[in-house]
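Asker: Its first residue numbered 18, the sequence shown is counted upward by one per residue in our numbering.
The beta-carbon is built from N, C-alpha and C at its ideal position, and this holds for glycine as well.
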Amino acid sequence: MIHQFDSIADVTEPWVLCPHDAWCSKVRDRVSASLVSAMSPRDTIHYPKGSDGGLPLFDFTRGGLIFSPWFNQVSCAYPADAGAMGRICTDDHPDCIPGCYDKRQNPVWCTPDDPWGTSVKSGNCAWAPEHLHLMMEQQSSARNAAYNEVVLAGDVYAQHLPRSIEAVFYIKQEQKYIAKQVHRALVKHFGIEESALPFLKLDPQDYHNPFTLTS
């Protein structure tokens, strides 16, 4: 699972959840990610013509973090960007799952019998964690490959830092400096060895060995 740097996080400490007094405080209860693998469909629109395409990504230049599947908890997932950041839970709905329920804070789960949520009137349905493979199949069946959206529980992620992050990566050479600064800051902040947090280069067009260890 990868998380690419975005406008919500602090650019100097992008692993930190949004502060309570910031504009994004309502979404600090979840973390966005995207699941990529050799099973990911090939995006042929955002890569050079004549190529086989590459991984569908949120951004094709920004680096980011690789999240651990062992020290994070998946809340739900979507085969494309479903605007999960706009799905807010309030204190008067204690059963609401951040990023997964609709804007009325009602459950809207996709099912094997209704994968597109045609019976749901209040918006896109979400896949439960046990159905991640069905979400990936649905993503692959789309006409134009788009990145999927996986919602992680913010409290679990924060509780297990730094183990909830497995590595830092960059894609484009011109963005390497930014990712490296984040890597150094993480190592310093948590007092860990650099070798414990790999710094990687992602080649999104290489489906066999997409990540290369670098320095």
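Is Val204 closer than 8 Å to Gly80 when the C-beta atoms are compared?
Answerer: No, these two residues do not count as a Cβ contact at 8 Å.
Asker: Between the region 63-72 and the region 85-98, do at least 3 Cβ pairs fall closer than 8 Å?
Answerer: no
Asker: Here's the rule I'm using: 16 or more other beta-carbon atoms within 10 Å means buried, otherwise exposed. How should Ala39 be labelled?
Answerer: exposed
Asker: Evaluate Ile19 with the Cβ neighbour count: other Cβ atoms within 10 Å of its Cβ, from every protein chain shown; 16 or more gives buried, anything less gives exposed.
Answerer: Answer is buried; the Cβ neighbour count reaches 16.
Asker: Check for me: the alpha helix (DSSP H) holding Ser92 runs from which residue to which?
Answerer: Counted as a single uninterrupted DSSP element, the stretch harbouring Ser92 is not any alpha helix (DSSP H) but the beta strand (DSSP E) occupying residues 91-95.
Asker: Run through DSSP, which three-state label would Val44 get?
Answerer: helix
Asker: Please report the residue range of the beta strand (DSSP E) in which Lys218 lies.
Answerer: 216-219
Asker: DSSP state of Ile195, grouped into three classes?
Answerer: helix
Asker: What is the C-beta distance between Thr78 and Lys197, in whole angstroms, given that I count them as a contact (C-beta under 8 Å)?
Answerer: Their Cβ separation, rounded to whole angstroms, is 15 Å, which puts Thr78 and Lys197 out of contact at 8 Å.
Asker: Taking the continuous alpha helix (DSSP H) assigned at Gln176, which residues delimit it?
Answerer: For Gln176, the enclosing alpha helix (DSSP H) has its first and last residue at 171-176.
Asker: Quick one: which unbroken beta strand (DSSP E) runs of 3-plus residues sit fully inside the region 39-87? Chain order, please.
Answerer: 47-50, 81-84
Asker: How far does the beta strand (DSSP E) with Glu183 in it reach, from first residue to last?
Answerer: That run of the beta strand (DSSP E) goes 182-187.
Asker: Quick one: give me the first and last residue of the alpha helix (DSSP H) that Leu34 is part of.
Answerer: For Leu34, there is no enclosing alpha helix (DSSP H), as DSSP marks it with neither H nor E.
Asker: Are Val125 and Asp119 closer than 8 Å when you measure CB to CB?
Answerer: yes
Asker: Taking the C-alpha atoms as reference points, what is the distance between Phe22 and Ala202?
Answerer: 15 Å
Asker: Which stretch, first to last residue, makes up the beta strand (DSSP E) that contains His20?
Answerer: For His20, the uninterrupted beta strand (DSSP E) run begins and ends at 19-21, by DSSP.
Asker: Taking Val44 and Ile25 to be in contact with their CB atoms under 8 Å, please state how far apart those CB atoms are, rounded to whole angstroms.
Answerer: In this structure Val44 is in contact with Ile25, their Cβ atoms being roughly 7 Å apart against a cut-off of 8 Å.
Asker: How many whole angstroms separate the CB atoms of Leu169 and Phe84, which I take to be in contact at a CB cut-off of 8 Å?
Answerer: 7 Å
Asker: Please state the DSSP three-state secondary structure of Ala143.
Answerer: strand
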